[in-house]
Amino acid sequence: MRKSLFAVIAAVCVAMTLGGCQIYGLVKDATDKEEGKIIMKDGKEYVGRVEMPNVNTKRLSIVVNDGQKTVVEAKDIATLTVWKKTHPELKHTLKYLPSEFLRKKMRKPLWMAVTATGPYVEFYTCSFDYSIPSSGYLKITSVQNGSIEHLALKKGGKMPKTISVSDISKRQKRKLLLEYLNDDAALAKKINNQDIRPDDFEAIAEIYHP
Numbered sequence: 210m211r212k213s214l215f216a217v218i219a220a221v222c223v224a225m226t227l228g229g230c231q232i233y234g235l236v237k238d239a240t241d242k243e244e245g246k247i248i249m250k251d252g253k254e255y256v257g258r259v260e261m262p263n264v265n266t267k268r269l270s271i272v273v274n275d276g277q278k279t280v281v282e283a284k285d286i287a288t289l290t291v292w293k294k295t296h297p298e299l300k301h302t303l304k305y306l307p308s309e310f311l312r313k314k315m316r317k318p319l320w321m322a323v324t325a326t327g328p329y330v331e332f333y334t335c336s337f338d339y340s341i342p343s344s345g346y347l348k349i350t351s352v353q354n355g356s357i358e359h360l361a362l363k364k365g366g367k368m369p370k371t372i373s374v375s376d377i378s379k380r381q382k383r384k385l386l387l388e389y390l391n392d393d394a395a396l397a398k399k400i401n402n403q404d405i406r407p408d409d410f411e412a413i414a415e416i417y418h419p
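Offset between the sequence shown (1-based) and the working numbering: plus 209.
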């Protein structure tokens with residue numbers, strides 16, 4: 210299933226070094242709200258005007274349609290879906306998940322945007338800040354000299370794993386991706402032969418079949 214393409218800014222995660230997504234003290238404007246739907250892990254749902262998170266946001270506030278404000282813990286949220294009021298057809302999903310960085314370094318939960326979803330794998334983009342401009346597309350930003358990180362989670366997996374960082378070479382990206390998706394020989398051959406780019410996550414999500 211294809212997801213809406215994201216308008217991604219090239220600079221993300223100010224301190225997303227090879228040691229992890231360590232963010233310097235940059236404060237997000239708490240008044241940045243969009244239309245949204247929060248589904249909790251216990252099945253409860255909230256719909257209304259929701260605060261847009263940054264990568265480290267631990268609590269989200271939402272003003273539901275009856276005007277009541279509710280604050281929920283990020284760790285209790287299953288999915289956050291957001292959209293611009295003027296573009297309800299462009300919905301974007303974010304999840305608060307722990308992850309495995311390079312060299313098997315485990316990290317605390319971070320907010321990440323769902324980039325592409327297939328029958329057996331889901332891809333994410335991790336950044337510092339998430340917002341929706343007038344175009345309706347999700348904008349993922351940070352400060353200068355940042356990088357962008359992509360992660361993947363197989364169906365039934367415990368947590369997403371980093372499979373790409375923007376400041377590494379294409380060869381390294383291909384290697385990381387192949388290491389993670391090594392249980393699909395046909396796909397691995399296409400990636401090795403450069404028939405599919407290692408960053409074409411929508412195509413990979415559709416094709417991957419372990």
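For each residue, glycine too, the CB sits at the ideal point set by N, CA and C.
For residue i, the three-state DSSP class (helix, strand or coil)
{"i": "LEU360", "result": "strand"}
{"i": "TYR329", "result": "coil"}
{"i": "ASN391", "result": "coil"}
{"i": "LYS367", "result": "coil"}
{"i": "LEU299", "result": "strand"}
{"i": "LYS348", "result": "strand"}
DSSP bridge partner residues for residue i (one or two, in chain order)
{"i": "MET249", "result": "ILE286"}
{"i": "SER270", "result": "VAL280"}
{"i": "ARG316", "result": "SER308"}
{"i": "ARG258", "result": "GLU244, VAL272"}
Cα-Cα separation between residue i and residue j, rounded to whole angstroms
{"i": "PRO342", "j": "GLY245", "result": "15 Å"}
{"i": "ASN402", "j": "TYR417", "result": "16 Å"}
{"i": "ILE413", "j": "THR371", "result": "15 Å"}
{"i": "LYS242", "j": "GLU260", "result": "4 Å"}
{"i": "ILE271", "j": "ILE357", "result": "28 Å"}
{"i": "PRO297", "j": "VAL291", "result": "9 Å"}
{"i": "LYS314", "j": "MET368", "result": "12 Å"}
{"i": "ARG316", "j": "PRO262", "result": "18 Å"}
{"i": "HIS301", "j": "LYS398", "result": "31 Å"}
{"i": "ASP393", "j": "PRO419", "result": "5 Å"}
{"i": "LEU360", "j": "VAL273", "result": "32 Å"}
* To do: Please confirm if the segment 330-340 is in contact with the segment 376-388, defined as three or more CB-CB distances below 8 Å between the two stretches.
  => no
* To do: Kindly confirm or deny that the segment 247-255 and the segment 306-316 touch, where touching means at least three C-beta pairs closer than 8 Å.
  => no
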